[in-house]
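In our numbering, the protein residues as written are 13 to 127.
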């Protein structure tokens, strides 16, 4: 049932276990190095996401300010448009008055010439 191992067999077994442990140690070192690289990459991506989120928030705030400015400009434009319409109406009325005066002068000229 139990085998007796000779010293050469024990030496081989120790060498094999040492080699096996070295391989696993090397693999563990490689895996640890790979894991460190992945962790660094993940950190980099997390930082990038945070920066992108910050940029996104700043852009949202900029959009809100731009929309508010746009609304102010629309209101200001409407006020100026109404003011311009009033001025145009006044100008057309004044022109009509000038035309009436000119017409009255012409009438007066002809009526004075006819008498």
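We treat Cβ as the ideally placed atom computed from N, Cα and C, and that holds for glycine. Remember, predicted model here, so these are calculated numbers, not experimental data.
What does the Cβ neighbour count give for residue i, buried or exposed, with the cut at 16 atoms within 10 Å?
i, result
"residue 17", "Because the pLDDT at residue 17 is just 46, under 50, the model does not fix this residue reliably, and the value given afterwards should be weighed accordingly. Exposed."
Please work out which residues of its chain come closer than 7 Å, Cβ to Cβ, to residue i, disregarding the five sequence neighbours upstream and downstream, and give them in chain order.
i, result
"residue 97", "none"
"residue 68", "none"
"residue 13", "Note on residue 13: pLDDT 41, under 50, position unreliable in the model; the coordinate value appears next. Cβ within range, chain order: n/a, list empty."
Can you give me the Cβ contacts of residue i inside the same chain, cut-off strictly under 8 Å, excluding the 5 residues immediately before and after it?
i, result
"residue 118", "none"
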